[in-house]
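Following: one structure in structure tokens, then a few remarks.
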Amino acid sequence: MSLTRSGEEGYWKLSLQGELVSLYEAKKLVTAVSYNQTNLRFLESIILNRINETSLPRSIDEDDLLPSLELLLKEHNLLQIGDFKNFWQSLLNSFSLQSTLETYIKISAIHGFSTAICLIHPKGEANAWQLAPLSFANEMRPVPINEFNLLFQSLKKTKNKHFSSSEAKWSWLPLNGVFVADTFTYKKYNVIWINSREEFLPLTDTDHKRFAIFSRIMKIWLERLVELEFSDIKSSSVIWLIEHLPFEIVIKDSQDRNVFSNALFTEDNLGSMSWINLPRGYRLGYVAETIADDFEIDAFQKQKVLLLGDLFNTLRHELSNPLFGLRLSAELVLTSVDDEDFKLIFTQVLSNIQRSQNIIHNLSKLYSGEQTDTNVDLLAIIKESITLAKSELKGLYVDVSKIDFNQSITVEAKPVAVVQIIFNLIVNSAQAMKNLKEKAIIKISLELNSPFINVVIADNGPGLPATIKDNLFKPFYTTKTKGHGLGLALSKDLAIKLGGDLKYIPTEVGTQFELSLRKIL
Amino acid sequence: MKKILIIEDETLIALSLKKMLSKRGHEVLTVESGHEAIGLLKTVHFDRVICDLMLQDISGFDIIEESRAYLGDDKIKLDFVIMTAYNSSQVLERAREYGCKILSKPFEDLNKALSVIEGE
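This is the structure in structure tokens:
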């Protein structure tokens, strides 16, 4: 996932594995989320770590600069030390170029300017960009490169960097009044830093001194922030997402500690969160509102579901060779040992390898649609599912009973698909009941509901909260911290493909699912 | 007793096949790299050449292309065996062009596969 700038069209694109979603369109759908300032510090540390990892240009030694700046400001009576420390702290707290500009102009008591903008030209590129504080414009606007260069060169030449927007040649700048500017040349960027005041009175000496001093500070900060703004590093997209998500989120680190949240989470809604994996073991949890155009989540899910087909193919290929090697060598050992125990062991080894190969083979067949529908003995299928799930069912009593009829039941279905669905439901139940105090039971019963036959899988476990109901069959929705939450979505999908369905039946106690299949008369 | 070259970068598969064929009385050499195989084929005579298609450095097809120039198409047809896990139609079609036997990985019938390798 990355946030990249589209040079030609002048807007930003959020790109997910090649699928582009226009940020402008996105912003129409979302509203800014207000956030808690203190929590942002945690986020800042994630981002700064990220910056360290991607080796952005380091600032000039801040420890040296700070005391001398303080002294300078004090000498010129420009600032109370306390105010300056606040300013510095606010800078430390901001994590994006725009929010930094916002901070800067808010501290109007100390600098006397009403607006600050940045003009940025990534060296060698055809476009330059203009960035204003968040309250003025939340988009980066393109700037014609010749205008940028003209201004840049003029500024470098003149000593008195004091201009008025009434001068014709600067009328393209979105500023009113007088402005003062400085130029910064970084390794990969040329930046023009402009402060303006909405009056036409000339700037005083004090104004100039103040600007000069703060300019030195901003030169350091801007280098880091411009790099952050323009590079493709993922933290910028994380920041954007966090600032613009229209729902409540929490970010947990790899130790499951909360590092950021924009809402108060109670036990209730924590239980119904969905999770997205972020880089470095972080996870983003969200409680989605039912927004029809919920593009963020749809985009994620769609991408992941699309990847499934690829995943199975990759899995199949990647596992095929190692398993083959294992099989050959096991065969070899089996024919070379005399010891009966070893013979037995290696017979088992071969059997396990065969089982593994079958699983992959069947999985990929499921997705290639090769398997034809056959007439399936339902009871046999159920028994096979239970056998497969055996390791998950340790200590549980599984009751298989049929109701209302005693002839054999045949359904039209792909046997492997039915096994997969029932297996998944059994395993889900088993996992939910791992800590059950009383005896855990999964009851599988059959109900005739012509022309369908329903396989009902019910357990006496803790059940599911009502809030989860709507999200149950969504891909990658999970209440487990492990696992990918794929099972139910896939199962329902398969059931529908078989001409039936998979439904969740709310019950007072435990959890109940109903798989309907077409009966063959 | 045949002199067999196995070109396979999956060590376990190569070692196992080597041992199995040795037990059946053959002299077996294994190489992991396609380039090394090409060099070897230029200087050493092999009765049978078993070549995996997907190697780390180059493809089995590249080896065949290089070899047919000086070994001749007939030798390729008679004594080369292509081993592959891929069953895409394009791959199979290209393999068939050379006229040699194709073995699908994993082997369904081990003894039958070994016979094909031996060239019986």
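Chains A and P, in that order, give the protein sequences. The first sequence begins at 816 in this note's numbering and counts up by one. The second sequence begins at 10 in this note's numbering and counts up by one. Every residue, glycine too, gets a C-beta built ideally from N, C-alpha and C.
query                                                                                                                                                                           : result
Indicate the three-state DSSP secondary structure (helix, strand or coil) for A/Thr1326 in the structure shown.                                                                 : coil
Using a Cβ cut-off of 9 Å, pull out every chain A residue sitting near P/Lys114, in sequence order please.                                                                      : Ser1135, Asn1136 and Phe1139
Residues of chain A with CB closer than 8 Å to the CB of P/Ile22, please, in chain order.                                                                                       : Asn1136, Phe1139, Gly1140 and Leu1143
Between which two residues does the beta strand (DSSP E) carrying A/His936 extend?                                                                                              : Thr930 to Pro937
Could you spell out where the beta strand (DSSP E) holding A/Phe963 opens and where it closes?                                                                                  : That residue, A/Phe963, is in no beta strand (DSSP E); its alpha helix (DSSP H) goes Ile960 to Lys972.
Expressed to the nearest angstrom, what Euclidean distance is found between the alpha-carbon atoms of A/Gln1163 and A/Thr1150?                                                  : 14 Å
How would you list, in chain order, the residues of chain P whose beta-carbon sits under 7 Å from the beta-carbon of A/Glu1146?                                                 : Leu119
What does a CB cutoff of less than 7 Å around A/Leu1141 pick up in its chain, not counting 5 residues either side in sequence?                                                  : Ile1168
Would you say A/His1132 reaches chain P, if we count a Cβ-Cβ gap shorter than 8 Å as a contact?                                                                                 : yes
By the DSSP assignment, the alpha helix (DSSP H) with P/Arg103 in it spans what residues?                                                                                       : Ser98 to Tyr107
At a Cβ threshold of 8 Å, is P/Ala104 touching chain A?                                                                                                                         : no
Mind pulling the beta strand (DSSP E) runs of 3 or more residues that sit fully within the stretch 1221-1297 of chain A?                                                        : 1225-1228, 1256-1264 and 1267-1274
For A/Ile1320, count neighbouring Cβ atoms within 10 angstroms of its own Cβ and tell me buried if that reaches 16, exposed if not.                                             : exposed
From the DSSP output, in three-state form, read off A/Arg1012 for me.                                                                                                           : strand
Per DSSP, which one or two residues make a beta bridge with A/Gln1338?                                                                                                          : The question about residue 1338 of chain A has no answer, for chain A in this structure spans 816 to 1336.
Report the option in P/Ser97, P/Tyr95 and P/Gly69 whose CA atom is closest to the CA atom of P/Ile85.                                                                           : P/Gly69
Starting from P/Leu36 and walking both ways along the beta strand (DSSP E), at which residues does that stretch end?                                                            : The sequence given here places Glu at residue 36 of chain P; Leu does not occur at that position. Glu36 to Val40 is the extent of the beta strand (DSSP E) around P/Glu36.
Under three-state DSSP, which class holds P/Met63?                                                                                                                              : strand
Establish whether the CB of A/Gln1070 and some CB of chain P are separated by less than 8 Å.                                                                                    : no
Does P/Met10 come within less than 8 Å of chain A when only Cβ atoms are used?                                                                                                  : no
Are the CB atoms of P/Asp66 and P/Ile13 within a distance shorter than 8 Å?                                                                                                     : no
What are the boundary residues of the beta strand (DSSP E) that P/Lys110 is part of?                                                                                            : Lys110 to Ser113
Within 10 angstroms of its Cβ, does A/Asp1274 collect 16 or more other Cβ (buried), or is it exposed?                                                                           : buried
At 8 Å on the CB atoms, spell out the chain P contacts of A/Gln1172, in chain order.                                                                                            : Pro115
Do we get a CB-CB distance below 8 Å when we pair P/Leu133 with the residues of chain A?                                                                                        : The requested residue 133 of chain P is not part of the displayed model; chain P covers only 10 to 129.
Can you list the residues of chain A that P/Glu19 reaches, using a CB-CB cut of under 8 Å?                                                                                      : Asn1136, Pro1137, Phe1139 and Gly1140
Give the single residue among A/Arg956, A/Val1006, A/Glu1014 and A/Gln968 whose Cα lies nearest to the Cα of A/Trp987.                                                          : A/Arg956
When the Cα atoms are used, what is the spatial distance from A/Ser860 to A/Val1271?                                                                                            : Note that A/Ser860 scores 43 on pLDDT, short of 50, meaning its location in the model is unreliable; the coordinates nonetheless yield the value given after this. Approximately 50 Å, taken between the alpha carbons.
In whole angstroms, what is the alpha-carbon distance linking A/Ser1051 and P/Tyr79?                                                                                            : Reliability of the predicted coordinates at A/Ser1051 is poor, the pLDDT of 45 falling under 50, and the value obtained from them is presented with this limitation in mind. Taking the straight line joining both Cα atoms gives about 58 Å.
Decide if the stretch 37-55 of chain P is in contact with the stretch 1321-1330 of chain A; the criterion is three or more beta carbon pairs, one per stretch, under 8 Å apart. : no
Between the stretch 1306-1319 of chain A and the stretch 1248-1265 of chain A, do at least 3 Cβ pairs fall closer than 8 Å?                                                     : no
Does the beta-carbon of A/Asn1250 have 16 or more other beta-carbons within 10 angstroms, so that it is buried, or is it exposed?                                               : exposed
For P/Met29, would you say it is in contact with chain A, using Cβ-to-Cβ distances shorter than 8 Å as the test?                                                                : yes
Starting from P/Thr93, trace the beta strand (DSSP E) both ways and give me its first and last residue.                                                                         : Phe89 to Thr93
Which class does A/Lys1003 belong to by DSSP, given the choice of helix, strand or coil?                                                                                        : coil
Hey, out of P/Ala94, P/Glu102, P/Glu117 and P/Tyr107, whose CA is closest to A/Leu1134's CA?                                                                                    : P/Ala94
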